[in-house]
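**Q** Sharing a structure below in structure tokens format, with a few things to ask.
Residue numbers (this note's numbering): 553 to 852.
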């Protein structure tokens with residue numbers, strides 16, 4: 553009998569759930585999403601969890617063996633307590649996300665559903681190592697460059713959570729002028745910087761369009777983001793001895809050469825030959841990666 557995991561991914565703008573089979577495939581019709589955002593509260597997140605969990609479980613094949621629930625969340629998280637303290641959802645600090653998913657799933661299925669919480673970057677890294685772009689890596693980091701910047705580590709196929717589950721929180725490392733990487737390189741931060749230089753657009757999508765049309769400020773914002781990411785990755789590769797980094801997230805697709813720009817900055821900035829060898833690749837799983845990784849927390 554095929555085993556399935558309930559997968560939940562919680563981010564700064566949305567949360568999603570789906571059923572994922574033991575071979576990493578999302579069950580047709582099981583995926584849905586609810587909005588989160590800076591105004592999200594513990595009550596609104598609890599209601600959103602119940603809605604997406606109910607939708608996912610309603611799509612379960614007859615007789616499906618649902619072995620547990622895996623949850624990846626924007627952090628920081630407290631893995632032992634099953635709680636989250638998300639940077640981009642300040643009103644939801646301390647939300648017992650693991651318990652909310654467990655309770656919703658257990659109520660629907662009529663039995664206790666084992667639930668594991670992980671950092672969303674770690675879940676993505678596990679997915680990429682399992683089925684994506686870093687399958688051949690001995691030590692890899694997978695990151696998302698989007699509304700925020702985050703990541704996670706895998707070594708020899710095993711997820712490395714760290715002491716509290718937050719290993720790989722690359723977006724909050726400090727860069728130029730005391731700013732965090734996220735405050736420099738994320739989509740919203742890049743758009744804000746471009747506006748300060750006189751650009752009249754509003755979003756990362758606008759940056760992509762205008763840069764492609766030859767707008768020098770929009771292009772400079774993209775290059776600034778990629779350079780900051782590459783330099784941070786050079787530090788990570790030097791510290792942890794990485795051989796591969798996978799990059800996903802909406803803003804990483806802001807230009808066709810974004811990954812190449814990051815690679816150039818990493819290679820130029822890395823302190824040693826071994827860290828200069830770290831290879832930057834595009835995420836192999838697209839927007840399904842976080843859900844596949846969440847499922848992998850319990851099904852692998």
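All residues carry an ideal CB built from backbone N, CA and C; glycine is no exception.
1. Roughly how many whole angstroms lie between the Cα atoms of residue 746 and residue 770?
2. Using only the alpha-carbon positions, how far apart do residue 592 and residue 648 sit?
3. Starting from residue 845, trace the alpha helix (DSSP H) both ways and give me its first and last residue.
4. Tell whether a beta-carbon distance below 8 angstroms holds between residue 789 and residue 759.
5. Helix, strand or coil: how does DSSP classify residue 782 here?
6. Rounded to whole angstroms, what is the Cα-Cα separation between residue 824 and residue 749?
7. Evaluate residue 553 with the Cβ neighbour count: other Cβ atoms within 10 Å of its Cβ, from every protein chain shown; 16 or more gives buried, anything less gives exposed.
8. Would you tell me roughly how many angstroms separate the C-alpha atoms of residue 587 and residue 626, rounded to the nearest one?
9. Distance check for residue 800 and residue 688, CA to CA, integer angstroms please.
10. Bridge partners of residue 566, per DSSP?
11. Measuring CB to CB, does residue 811 end up less than 8 angstroms from residue 832?
12. Is residue 667 buried or exposed, if buried means 16 or more other CB atoms sit within 10 Å of its CB?
13. Could you round the C-beta distance between residue 561 and residue 740 to whole angstroms and report it? I think they count as a contact, below 8 angstroms.
14. DSSP three-state call for residue 654: helix, strand or coil?
15. In three-state DSSP terms, what is residue 721?
16. With residue 667 as the anchor, note down where its alpha helix (DSSP H) starts and where it stops.
17. Taking contact to mean at least 3 C-beta pairs separated by less than 8 angstroms, is the region 637 to 648 in contact with the region 613 to 623?
18. Put residue 813 into one of helix, strand or coil per three-state DSSP.
19. Could you spell out where the beta strand (DSSP E) holding residue 611 opens and where it closes?
20. Using a 10 Å radius around the Cβ and a threshold of 16 neighbouring Cβ atoms, would you call residue 783 buried or exposed?
21. What's the gap between the Cα of residue 779 and the Cα of residue 851?
22. Name, in chain order, the residues that DSSP records as bridge partners for residue 693.
23. Between the alpha carbons of residue 698 and residue 556, how many angstroms are there, rounded?
24. Taking C-beta to C-beta, are residue 685 and residue 834 nearer than 8 angstroms?
25. Do you know offhand how far residue 681's Cα is from residue 709's?
26. I'd like to know whether the C-beta atoms of residue 734 and residue 781 end up nearer to each other than 8 angstroms.
27. Inspect the beta-carbon positions of residue 608 and residue 558 and report whether they are closer than 8 angstroms.
28. At which residues does the beta strand (DSSP E) containing residue 834 begin and terminate?
**A** According to the structure data:
1. 6 angstroms
2. 14 angstroms
3. 841 to 851
4. no
5. helix
6. 35 angstroms
7. exposed
8. 14 angstroms
9. 18 angstroms
10. 587
11. yes
12. buried
13. In fact, because the Cβ distance is near 20 angstroms, the residues do not count as touching under 8 angstroms.
14. helix
15. coil
16. Per DSSP, residue 667 belongs to no alpha helix (DSSP H); it is in the beta strand (DSSP E), 667 to 671.
17. no
18. helix
19. Element bounds for residue 611: n/a, residue is neither H nor E.
20. buried
21. 36 angstroms
22. 705 and 797
23. 29 angstroms
24. yes
25. 6 angstroms
26. no
27. yes
28. 831 to 834
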